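Right, one structure below, let's go through it.
Protein chains: 2
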Amino acid sequence: MEQTAPNSRDKILEVAEALFARRGFAGVGLRQVADQAGLGKSSLFHHFRSKAQLYLAVLDRVLVGIDERLAGAAETGGAPMQRLDRMVDTLIDALAEQPATARLLLRSLFEEDDLPAEAGSAQEATDRITQRILARIDTLLREGMKEGVFRPVSVGHTIQTLIGATVYHFASGEFGELLLGRSLLSSEEVRQRKEEVKALIHHGLAASSAS
Amino acid sequence: MEQTAPNSRDKILEVAEALFARRGFAGVGLRQVADQAGLGKSSLFHHFRSKAQLYLAVLDRVLVGIDERLAGAAETGGAPMQRLDRMVDTLIDALAEQPATARLLLRSLFEEDDLPAEAGSAQEATDRITQRILARIDTLLREGMKEGVFRPVSVGHTIQTLIGATVYHFASGEFGELLLGRSLLSSEEVRQRKEEVKALIHHGLAASSAS
DNA sequence: GTCTATACTACGATAGAC
DNA sequence: GTCTATCGTAGTATAGAC
Chain A
1 MEQTAPNSRD KILEVAEALF ARRGFAGVGL RQVADQAGLG KSSLFHHFRS
51 KAQLYLAVLD RVLVGIDERL AGAAETGGAP MQRLDRMVDT LIDALAEQPA
101 TARLLLRSLF EEDDLPAEAG SAQEATDRIT QRILARIDTL LREGMKEGVF
151 RPVSVGHTIQ TLIGATVYHF ASGEFGELLL GRSLLSSEEV RQRKEEVKAL
201 IHHGLAASSA S
Chain B
1 MEQTAPNSRD KILEVAEALF ARRGFAGVGL RQVADQAGLG KSSLFHHFRS
51 KAQLYLAVLD RVLVGIDERL AGAAETGGAP MQRLDRMVDT LIDALAEQPA
101 TARLLLRSLF EEDDLPAEAG SAQEATDRIT QRILARIDTL LREGMKEGVF
151 RPVSVGHTIQ TLIGATVYHF ASGEFGELLL GRSLLSSEEV RQRKEEVKAL
201 IHHGLAASSA S
């Protein structure tokens, strides 16, 4: 649709995203990235200073995408429970549409410590976006508790549970499919994941048994 | 306590577990393992045929440990909700006591596909233990639903949520600590994690509002 | 059971021609 | 902006002495 003709930089980011999601930072060779992007290995270094910078550029791109979609979901207003429902739907849609995203995000939690230390400023950029995303949920949860529609919970622990219920789920790959008996990404299972998560919220987070 | 004097094989497994948990399969070099185990690189191949076999041996060891602890928790009987509470407590205790475990388990979901294909029979062993662990929760959830103490839910999705709430949480490392504002492994946060997860279950999974 | 030595491959990164 | 060629390092794994 809005695809014109990706320049080399975008093409590299695209194939690197898929590879990093599947194999992790250490598991991907730049040779592989270059081949799939249709370039020589050395050409990568014209666009990105190092493997670590490429990885962080990929991660940044994904985080920005998630943040934009969540921003759209939050802006429409409504009661806290409605907004939380919309955030869950939006996040799950995003994760289901781009299967690499969930794995990349979850892996990023483990792999930030084996990046070369020099990565510096690019690290800070991804950290800032992460903080922005977390702040959206944090604010929403506190508002809901203040209004008395959510029961009193630890905000941090609740965010962790929500991430587990969404990002982990769609990152679980073959294991999750074994558990559900079919593809995590089938429209039926995506729909059901939304229902199950929202039902858990409505029963488990609501102060009264509102639905 | 029951530590006598670990033979080389156990020492290798021990240091490899920590390294694989931290860096992942591709991120660990056998040189590193050998150094930390106090051996030459080549000596590893006397105990394990290949890096993949070593990895699978580490994973198997961890899965067996989890399975044994969950078996202990399940055997004591009681109502489904009580048993589920005990399983959550037991699992969280296990993950908190051995910080490498959660990361290793979560990583194993992503990394099984970049193991050399030859690994064959050892793969099946870890799969069997995984199935046994899952069957414990599966049976318990179905029993609770049959008795009417759990509301009707998708068993697969619920297991995914429980894994996310426990394994993911303790695998989240620095990110989780940023979110909670203190170490995931402090006794206070471990205690609170148990409370939050069990509260979510009691409010969100129970058919009535039993506690 | 552990060692040294070695084979072969791949890695990330750089230099410099075009 | 992409290429070929190359550097230095580290990877897994094997052979064979002790």
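Chains as they are written, first to last, in the numbering used here: chain A, 1 to 211; chain B, 1 to 211. All C-beta atoms, glycine included, are put in the ideal place defined by N, C-alpha and C. On a predicted model such as this, the values are computed, not experimentally measured, just so you know.
For a contact meaning CB atoms closer than 7 Å, what does residue i contact in chain A?
i: residue 23 (chain B); result: 26 and 114
i: residue 101 (chain B); result: Under the 7 Å cutoff, chain A gives no residues; its nearest Cβ is about 14 Å from residue 101 (chain B).
i: residue 175 (chain B); result: 109
i: residue 204 (chain B); result: 200, 203 and 204
Under a three-way DSSP split, which group does residue i fall into?
i: residue 48 (chain B); result: coil
i: residue 150 (chain B); result: strand
i: residue 222 (chain B); result: Outside the modelled stretch of chain B, which goes from 1 to 211, sits residue 222 (chain B), for which no answer is possible.
i: residue 24 (chain B); result: coil
i: residue 79 (chain B); result: coil
i: residue 103 (chain A); result: helix
i: residue 228 (chain B); result: Beyond the ends of chain B as shown, which are 1 and 211, falls residue 228 (chain B); an answer cannot be given.
i: residue 108 (chain B); result: helix
i: residue 37 (chain B); result: helix
i: residue 184 (chain A); result: coil
i: residue 70 (chain A); result: helix
i: residue 58 (chain A); result: helix
i: residue 130 (chain A); result: helix
i: residue 172 (chain A); result: coil
i: residue 115 (chain B); result: coil
i: residue 53 (chain A); result: helix
i: residue 5 (chain B); result: coil
i: residue 160 (chain A); result: helix
i: residue 29 (chain B); result: coil
i: residue 192 (chain A); result: helix
CB-CB under 7 Å to residue i, same chain, minus the five flanking residues each way: which ones, in chain order?
i: residue 73 (chain A); result: 86, 87 and 90
i: residue 18 (chain B); result: 100
i: residue 148 (chain A); result: 207
i: residue 143 (chain B); result: 80
i: residue 152 (chain A); result: 145
i: residue 67 (chain B); result: 129, 132 and 133
i: residue 171 (chain B); result: 102, 103 and 106
i: residue 39 (chain A); result: 8
i: residue 24 (chain B); result: 107 and 111
i: residue 96 (chain B); result: 170, 185 and 190
Between residue i and the rest of its own chain, which residues show a CB-CB distance below 6 Å, the 5 nearest in sequence each way excluded?
i: residue 62 (chain A); result: 101 and 104
i: residue 48 (chain A); result: 54
i: residue 52 (chain B); result: 115, 116 and 119
i: residue 36 (chain A); result: 15
i: residue 137 (chain B); result: 159
i: residue 22 (chain A); result: none
i: residue 205 (chain A); result: 150
Strictly below 9 Å CB to CB, what residues from chain B border residue i?
i: residue 153 (chain A); result: 196, 199 and 200
i: residue 30 (chain A); result: The premise fails here: residue 30 (chain A) is roughly 14 Å from chain B at the closest Cβ pair, so nothing lies under 9 Å.
Which residues in the same chain have their Cβ closer than 8 Å to the Cβ of residue i, if we skip the five residues on either side of it in sequence?
i: residue 60 (chain A); result: 122, 125, 126 and 129
i: residue 6 (chain B); result: 14
i: residue 173 (chain A); result: 103 and 184
i: residue 26 (chain B); result: 111 and 114
i: residue 58 (chain B); result: 13, 16, 17, 20 and 104
i: residue 64 (chain B); result: 129
i: residue 189 (chain A); result: 180, 182 and 183
i: residue 94 (chain B); result: 65, 66, 69 and 101
Quick one: list the residues of chain A neighbouring residue i, beta-carbon separation under 8 Å, in chain order.
i: residue 148 (chain B); result: Within 8 Å Cβ-Cβ: nothing; residue 148 (chain B) doesn't reach chain A, min ~15 Å.
i: residue 181 (chain B); result: 156
i: residue 121 (chain B); result: Per Cβ cutoff of 8 Å: no residues; residue 121 (chain B) is ~19 Å from chain A at best.
Identify the contact partners of residue i in chain B, using a Cβ-Cβ distance below 8 Å as the criterion.
i: residue 192 (chain A); result: 154 and 157
i: residue 224 (chain A); result: No information on residue 224 (chain A) is available, as it lies outside the stretch 1 to 211 that chain A covers here.
Under 7 Å Cβ-Cβ, which residues of chain B neighbour residue i?
i: residue 165 (chain A); result: 161 and 164
i: residue 48 (chain A); result: Those within 7 Å of residue 48 (chain A) in chain B number zero; the least Cβ separation is about 20 Å.
i: residue 187 (chain A); result: Under the 7 Å cutoff, chain B gives no residues; its nearest Cβ is about 15 Å from residue 187 (chain A).
Cβ closer than 9 Å: which chain A residues qualify as neighbours of residue i?
i: residue 55 (chain B); result: Near residue 55 (chain B) there are no residues of chain A at all, since even the closest Cβ is about 13 Å away, more than 9 Å.
i: residue 104 (chain B); result: None at all; the shortest Cβ gap to chain A is about 10 Å.
i: residue 134 (chain B); result: 178 and 179
* To do: Would you check if there are 3 or more beta carbon pairs closer than 8 Å linking the segment 178–187 of chain A to the segment 29–47 of chain B?
  => no
* Contact between the segment 184–203 of chain B and the segment 130–142 of chain A (3+ Cβ pairs under 8 Å) -> no
* With a cut-off of 8 Å, do at least 3 Cβ pairs link the segment 157–166 of chain A to the segment 155–172 of chain B? -> yes
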